[in-house]
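One structure is given here, and the rest of the page talks about it.
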Ligand SMILES: [Zn+2]
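In full-length UniProt numbering, the protein residues as written are 1 to 266.
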């Protein structure tokens, strides 16, 4: 845990009269937390960084994988871009964020997703498809997983993709169009690929199927392992008549797939 280094400190509360008591206490609490538990890099535990420059550099890639998706739509492959290989310190940082509540990484991972959006080719794909507006849809977690984490952790990533698309004059908005009825349970690092595929299969549904007919969609997820989650997402949306243009993720598992099309550092 990056917050393992604790030190002693003496705290004084000298809040001016003009500052409301609850605000002063909140500031003191934040300061106390930062002094008592100085953080380290979520990847390598280097001091005083949320994610150090070396670890951040691991998320500067633009990896493209083409997932096959069963669909009535011709040419139904799904391009999936990711910023890093899910291994080593990159994997450690993602798990700190995802499973150990390191919410300070929201901002860093959002910046990574914005940069990936701008360099991966999804903007050009939107233009080629003649899309004037795009719905950005986060991949859903099971209700049990969201209860355990206390939040839908991929929403900030999806919002970052929205910002990046808007910066390119694409009318983008985030829509929570999918839900998972999977039972949840142990985290992705604790189960095999086959178990994960079995858990996800058939459990992802469009919340309001008639609402997305003809809509252009970009999917967002955190990690791509077997591709089962994104495959299910794309399949469900396409069956509802949506046009799923592609998907973006923080990281993907390397070396398990024969259809890796590109792995170029930018
Ligand atoms: Zn680091």
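Heads up, the beta-carbon is just placed ideally off N, CA and C, and yes, glycines get one too.
Proximity of residue i and residue j at Cβ, strictly below 8 Å
i, j, result
"residue 83", "residue 251", "yes"
"residue 218", "residue 247", "yes"
"residue 125", "residue 245", "yes"
"residue 203", "residue 231", "no"
"residue 165", "residue 137", "no"
"residue 216", "residue 134", "yes"
"residue 213", "residue 169", "no"
"residue 65", "residue 220", "no"
"residue 95", "residue 50", "no"
"residue 272", "residue 116", "The requested residue 272 is not part of the displayed model; the chain covers only 1 to 266."
"residue 173", "residue 161", "no"
"residue 59", "residue 122", "no"
"residue 118", "residue 222", "no"
"residue 254", "residue 87", "yes"
"residue 47", "residue 40", "yes"
Cβ neighbour criterion (16 or more within 10 Å) applied to residue i
i, result
"residue 79", "buried"
"residue 98", "buried"
"residue 30", "Caution is warranted here: a pLDDT of 49 is assigned to residue 30, below 50, making its placement in the model unreliable, and the coordinate value is therefore given only provisionally. The residue is exposed, with fewer than 16 neighbouring Cβ atoms inside 10 Å."
"residue 68", "exposed"
"residue 74", "With a pLDDT of only 48 at residue 74, under 50, the local geometry of the prediction cannot be trusted, and the value read off the model is given with reservation. So residue 74 ends up on the exposed side."
"residue 54", "exposed"
"residue 23", "Note on residue 23: pLDDT 43, under 50, position unreliable in the model; no value is reported."
"residue 228", "buried"
"residue 43", "buried"
"residue 249", "buried"
"residue 171", "exposed"
"residue 235", "buried"
"residue 142", "buried"
"residue 353", "Lying outside 1 to 266, the shown extent of the chain, residue 353 is not represented and no answer is given."
"residue 140", "buried"
"residue 341", "The structure shown does not extend to residue 341, since the chain is modelled only from 1 through 266, so no value can be given for it."
"residue 128", "exposed"
Residue range of the unbroken alpha helix (DSSP H) whose run includes residue i
i, result
"residue 138", "Element bounds for residue 138: not the alpha helix (DSSP H) but the beta strand (DSSP E), 133-138."
"residue 167", "155-167"
"residue 240", "Per DSSP, residue 240 belongs to no alpha helix (DSSP H) and is neither H nor E."
Contact test: residue i Cβ vs ligand 3 heavy atom, cutoff 7 Å
i, result
"residue 182", "Among the ligands present in this structure, namely ligand 1, ligand 3 is not found."
Limits of the beta strand (DSSP E) - the one that residue i falls within
i, result
"residue 142", "First-last for residue 142: undefined, no H or E at that position."
"residue 223", "216-224"
"residue 170", "No beta strand (DSSP E) contains residue 170, which DSSP labels as neither H nor E."
"residue 180", "178-180"
"residue 206", "204-206"
Task: Sequence ranges, beta strand (DSSP E) only - wholly within the segment 48-129, length at least 3 - done: DSSP assignment within the segment 48-129 yields the following whole beta strand (DSSP E) runs of 3 residues or more, N-terminal first: 61-67, 78-85.
TODO: Mind listing which residues have their beta carbon within less than 5 Å of any non-hydrogen atom of ligand 1? Chain order is fine.
DONE: Those residues are 41, 43, 44, 46, 52, 55, given in chain order.
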